[in-house]
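**Student:** Sharing a structure, written as structure tokens. Questions coming.
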Amino acid sequence: MENVSIGISSIIVAAFIFYFVIKGAVKKALIEVKANEQELILKYRADEMGDKVALKAGFTDGDYFKGIAKEAKESFQKERRDISEQCSAIYLSNKTDEEKYATYRELWQQLVEIDQRVAGQKELEEDVKK
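In numbering that gives the first Met the number 0, the protein residues as written are 0 to 129.
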């Protein structure tokens, strides 16, 4: 009977040790998942912004530039192509996702400024025609 009680107490001690080891491993895994989640979110945001900028910058044809003088139209198209090329370079670079996201945001601002200048140019040329 004595051997049985030693065996049972050994099993109980081993079970407690096993429980705490598993608990610690699960806690560590959850912490790693949370850290990886933040990295993935940042990567997703950077990729999403890059796609958005590249798509908008790549759009240089159609009626968007209709009603603008040829020189101005070519200038705006060149600026947008340059931004599109910068997007490709950023995507292939070894920058961190945080740096990529910040750069894409700057390029997006440049595109917004170009669009504002295009709208201003259209208004100016419409006023000249009147």
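Backbone N, C-alpha and C define an ideal beta-carbon position, used for all residues, glycine too.
#1: Using only the alpha-carbon positions, how far apart do E78 and V20 sit?
#2: Ends of the alpha helix (DSSP H) at I67?
#3: Assuming contact is defined by CB atoms lying nearer than 8 Å, are D81 and A45 in contact in what I supplied?
#4: Is L110 near K55, with beta carbons less than 8 Å apart?
#5: With distances taken from CA atoms, which of V12, F75, A88 and A13 is nearest K121?
**Tutor:** In terms of the structure at hand:
#1: One C-alpha to the other measures close to 59 Å.
#2: Counting along the chain, I67 sits inside no alpha helix (DSSP H), nor does DSSP assign it H or E at all.
#3: No, the Cβ-Cβ distance between D81 and A45 is not below 8 Å.
#4: The answer is yes: Cβ separation under 8 Å.
#5: For K121, the closest of V12, F75, A88 and A13 by C-alpha to C-alpha distance is F75.
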